[in-house]
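**Student:** Using the working numbering, the first residue of the sequence shown is number 5, and each one after it goes up by one. Even for Gly, the Cβ is constructed at its ideal location relative to N, Cα and C. Have a look at the structure that comes next, please.
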Amino acid sequence: MRLSRFFLPVTKDVPSDAAIVSHQLMLRTGMIRQNGAGIYSWLPLGFKVLKKIEQIVREEMDRAGAIELLMPTLQQADLWRESGRYEAYGAEMLRITDRHDRDMLYGPTNEEMITDIFRQYVKSYKALPLNLYHQQWKFRDEVRPRFGVMRGREFLMKDAYSFDVSEEAARISYQKMFAAYLNTFDRLGVTAIPMQADPGPIGGDLSHEFLILADSGESAVFCDKAVLDVPPPGADFDFEDEAALKAEMEKRTRFYAATDEKHDEAAYAAVPEDSRIEARGIEVGHIFYFGTKYSEPMKADVQTPEGKLATIHGGSYGIGVSRLVGAIIEASHDENGIVWPASVAPFDAGIISMKPDAADVAAVADEAYAKLTAASKDPLYDETSDRAGAKFNRMDLIGLPWQITVGPRGVKEGKVELKHRASGEKSDVTLDEAIARITGA
Ligand code: ATP
Ligand code: MG
Numbered sequence: 005m006r007l008s009r010f011f012l013p014v015t016k017d018v019p020s021d022a023a024i025v026s027h028q029l030m031l032r033t034g035m036i037r038q039n040g041a042g043i044y045s046w047l048p049l050g051f052k053v054l055k056k057i058e059q060i061v062r063e064e065m066d067r068a069g070a071i072e073l074l075m076p077t078l079q080q081a082d083l084w085r086e087s088g089r090y091e092a093y094g095a096e097m098l099r100i101t102d103r104h105d106r107d108m109l110y111g112p113t114n115e116e117m118i119t120d121i122f123r124q125y126v127k128s129y130k131a132l133p134l135n136l137y138h139q140q141w142k143f144r145d146e147v148r149p150r151f152g153v154m155r156g157r158e159f160l161m162k163d164a165y166s167f168d169v170s171e172e173a174a175r176i177s178y179q180k181m182f183a184a185y186l187n188t189f190d191r192l193g194v195t196a197i198p199m200q201a202d203p204g205p206i207g208g209d210l211s212h213e214f215l216i217l218a219d220s221g222e223s224a225v226f227c228d229k230a231v232l233d234v235p236p237p238g239a240d241f242d243f244e245d246e247a248a249l250k251a252e253m254e255k256r257t258r259f260y261a262a263t264d265e266k267h268d269e270a271a272y273a274a275v276p277e278d279s280r281i282e283a284r285g286i287e288v289g290h291i292f293y294f295g296t297k298y299s300e301p302m303k304a305d306v307q308t309p310e311g312k313l314a315t316i317h318g319g320s321y322g323i324g325v326s327r328l329v330g331a332i333i334e335a336s337h338d339e340n341g342i343v344w345p346a347s348v349a350p351f352d353a354g355i356i357s358m359k360p361d362a363a364d365v366a367a368v369a370d371e372a373y374a375k376l377t378a379a380s381k382d383p384l385y386d387e388t389s390d391r392a393g394a395k396f397n398r399m400d401l402i403g404l405p406w407q408i409t410v411g412p413r414g415v416k417e418g419k420v421e422l423k424h425r426a427s428g429e430k431s432d433v434t435l436d437e438a439i440a441r442i443t444g445a
């Protein structure tokens, strides 16, 4: 993309209510535009990041055997009356009436709707296990929308729902999501620690929140730092291997990790003092086994091998896709701006042409653009006539993993300057060397 043709409304002015760095940086880089309290437009730069996160989440859900579909944002109140949640949900639910006076709502979550789909079609244990997911906008009329996209009212969530014939089988579905989440966050370039969470009415140990450590986090967290050293299951992980699934969970849950809501001083006292982390965290995912909470009132049951009817056991698994954009920035920035993990960067590299009107400089910069594009990379090419300082600052601010600077002196020596954004390391290299470094060839 040529910067002169792109829509990148970088600004210095950020409103004083942008209290945390990710919110400030998202506004300064023109990633988002606030349209109302907790409601945002995703401008091109922000939208590219959101789509990259969504795609990684999708690939990892698919790898774990979940199947994607898409449910609408608007729902009929009647479904929620069946589960008993229409009244219970309270003021966070945005309620709407259509022209025929039917009660509707903008979905804050989809347990009822997916259970309705399930009961329409699935009648036999043979179709199980089944895990269906979508990535769809949700609306929750939060009392205090704040921190930009981190606590919005309209936000993008990945929500998956598992269906199993028994609690035992549901545990395996749960473990698959646990492992898939570790791989997902790893690919997103962040460390999210699974922490024991409130299991709700059913009790048990099958509820975990995944938190990224960051000073701006809304939860206080207490954990044994040894949990950070456990590697993710990885791309070769076999999601059908039940022993391996169980082991992945045990490898982590044997270390203490809890948010303030579940914190247990006595258990924490057993963690070696030099291994304790007391910090703040951002919740980016939550996985939850809820048993027959929805299937019972909504009569979602299947035939067992013995020919009896069994109420299915369910779980739900959320990831805050739009919240992650802010959370990743919280975890990865410096005094000059964002430092994107390569996997979610809006562009793979920036090309700065120092003198776009000099034919020799323009030729090398054009060549850099053509070669990166030919190597299936997505570069942002700054061929504007802005001042050099402004160009460097802007490129650092938007935080692409690599920068190639083409200037008149270097061109005469057959060199460009390659900068690695995260380390700040600069080197004068030939264009082909620079391309090889960026493409990892
Ligand atoms: P929180 O405790 O932060 O309010 P929650 O427990 O209500 O979240 P869940 O119902 O578990 O959230 O939703 C799944 C995920 O959706 C959360 O882990 C979080 O990442 C994301 N999420 C929830 N509420 C919001 C919001 N208002 N804005 C952005 N993301 C959100
Ligand atoms: Mg939660």
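1) By Cβ distance below 7 Å, which residues in the same chain neighbour I121 in space, the five residues on each side in sequence not counted?
2) Does the structure place the segment 273-286 close enough to the segment 306-317 that three or more beta carbon pairs sit under 8 Å?
3) Tell me, which residues are paired with R191 by DSSP?
4) Could you check how far apart the C-beta atoms of M65 and Y137 are, in whole angstroms? I think they sit under 8 Å.
5) Return helix, strand or coil for G318, following the three-state DSSP convention.
6) According to DSSP, is A262 part of a helix, a strand, or is it coil?
7) Return yes when the C-beta of G322 is under 7 Å from any heavy atom of the ligand ATP, and no when it is not.
8) Does the Cβ of M154 lie closer than 7 Å to at least one heavy atom of the ligand ATP?
9) My guess is that A372 and V420 are in contact by the Cβ rule of under 8 Å, so how many angstroms apart are they, rounded?
10) Would a C-beta distance cut-off of 8 Å place V343 and G414 closer than the cut-off?
11) Residues in its own chain within less than 6 Å of D382 by CB, not counting five upstream and five downstream?
12) Does the distance from the C-beta atom of F294 to that of G319 stay below 8 Å?
13) How far does the beta strand (DSSP E) with E213 in it extend, from its first residue to its last?
14) Quick one: what's R280 bridged to in DSSP?
15) Tell me whether F159, by its Cβ, gets closer than 7 Å to a heavy atom of the ligand ATP.
16) For N397, name the three-state secondary structure that DSSP assigns.
17) Can A262 and F226 be called in contact, C-beta distance under 8 Å?
18) State the beta-bridge partners of N135 as determined by DSSP.
19) From which residue to which residue does the alpha helix (DSSP H) around E269 run?
20) Verify the contact flag: T113, CB atom, against every heavy atom of the ligand ATP, threshold strictly below 7 Å.
21) Taking 7 Å as the line, does the beta carbon of H290 fall inside it for any heavy atom of the ligand ATP?
22) Over what stretch of residues does the beta strand (DSSP E) that includes Y373 continue unbroken?
23) Just tell me which of L435, H424, G88, D400 has its CA closest to the CA of E417.
24) Please tell me whether, using a cut-off of 7 Å, the distance from the CB of R150 to the nearest non-hydrogen atom of the ligand GTP is below it.
25) Would you mind working out which of F167, F143, V169 sits nearest R157, comparing C-alpha positions?
26) Would you grab the beta carbon distance between P13 and L47 for me? Rounded to a whole angstrom, and I think it's under 8 Å.
27) Tell me which residues share the same chain as Y90 and place their Cβ nearer than 7 Å to its Cβ, disregarding the 5 neighbours each side in the sequence.
28) Starting from R37, trace the beta strand (DSSP E) both ways and give me its first and last residue.
29) Which residue wins for smallest C-alpha separation from Y185, given the options K130, I57, T377, M358?
**Tutor:** With the structure as the only source:
1) For the purposes of this step, residue 121 is taken as residue 117 along the sequence shown, with counting starting at 1. Once the five neighbours on either side are set aside, I121 has no close Cβ partner at all.
2) Cβ pair count under 8 Å is below three, so no.
3) Counted from its first residue, the sequence shown places residue 191 at position 187. DSSP output for R191 lists no bridge partner at all.
4) By one-based count along the sequence shown, residue 65 stands at place 61. By one-based count along the sequence shown, residue 137 stands at place 133. Contact flag correct, Cβ pair sits at about 5 Å.
5) Numbered from 1 along the sequence shown, position 314 holds the residue referred to as residue 318. In this structure, G318 counts as strand in the three-state DSSP scheme.
6) Looking up residue 262 in the sequence shown gives position 258. Note: A262 maps to strand in three-state DSSP.
7) The residue labelled residue 322 in the question sits at position 318 within the sequence shown. Yes - the ligand ATP has a heavy atom lying nearer than 7 Å to the Cβ of G322.
8) Residue numbering aside, residue 154 sits at position 150 when the sequence shown is read from its first letter. Because some heavy atom of the ligand ATP lies under 7 Å away, the Cβ of M154 counts as near it: yes.
9) For the purposes of this step, residue 372 is identified with residue 368 of the sequence shown, where counting begins at 1. For the purposes of this step, residue 420 is identified with residue 416 of the sequence shown, where counting begins at 1. With a Cβ gap of about 7 Å, A372 and V420 count as contacting.
10) Residue 343 sits at position 339 when you count from the first residue of the sequence shown. Residue 414 sits at position 410 when you count from the first residue of the sequence shown. Not in contact: V343 and G414 (Cβ atoms no closer than 8 Å).
11) As a working mapping, residue 382 is identified with position 378 in the sequence shown. Here the set comprises F351, D352.
12) For this step, residue 294 is matched to residue 290 along the sequence shown. For this step, residue 319 is matched to residue 315 along the sequence shown. Result yes, Cβ atoms of F294 and G319 sit closer than 8 Å.
13) Reading the sequence shown from its first residue, position 209 is the one you call residue 213. Residues 211-217.
14) Residue mapping note: residue 280 aligns to position 276 of the sequence shown, counting from 1. R280 pairs with D228.
15) To locate residue 159, count along the sequence shown from 1; it is residue 155. Answer for F159: yes, Cβ within range of the ligand ATP.
16) Counting from 1 along the sequence shown, the entry for residue 397 is found at position 393. Three-state result, N397: helix.
17) If you number the sequence shown from 1, residue 262 lands on position 258. If you number the sequence shown from 1, residue 226 lands on position 222. Yes, they are a contact pair.
18) Stepping through the sequence shown from its first residue, residue 135 is reached at position 131. Per DSSP, the beta bridge partners of N135 are S166.
19) Against the sequence shown, residue 269 aligns to sequence position 265. Segment 269-272, the alpha helix (DSSP H) holding E269.
20) The residue given as residue 113 occupies position 109 in the sequence shown. Yes; taking the cut-off as 7 Å, the Cβ of T113 has a heavy atom of the ligand ATP nearer than that.
21) Taking the first residue of the sequence shown as 1, we reach residue 290 at position 286. For H290, the Cβ falls inside the 7 Å cut-off from some heavy atom of the ligand ATP.
22) Start at 1 with the first residue of the sequence shown, and residue 373 comes out as number 369. Run containing Y373: none in the beta strand (DSSP E); it sits in the alpha helix (DSSP H), 363-378.
23) The residue labelled residue 417 in the question sits at position 413 within the sequence shown. Among L435, H424, G88, D400, the Cα nearest to that of E417 belongs to L435.
24) Ligands displayed in this structure: the ligand ATP and the ligand MG; the ligand GTP is not among them.
25) Here residue 157 corresponds to residue number 153 of the sequence shown, with the count starting at 1. Checked all of F167, F143, V169; the closest Cα to R157 is F143.
26) Position 9 of the sequence shown holds residue 13. Position 43 of the sequence shown holds residue 47. Going by Cβ atoms, the distance from P13 to L47 rounds to 7 Å, so yes, they are a contact pair.
27) The count along the sequence shown starts at 1 and reaches residue 90 at position 86. Cβ within range, chain order: A81, W84.
28) Indexing the sequence shown from 1 puts residue 37 at position 33. For R37, the enclosing beta strand (DSSP E) has its first and last residue at 36-40.
29) Within the sequence shown, numbered from 1, the residue matching residue 185 stands at position 181. When each option's Cα is compared against that of Y185, the closest is I57.
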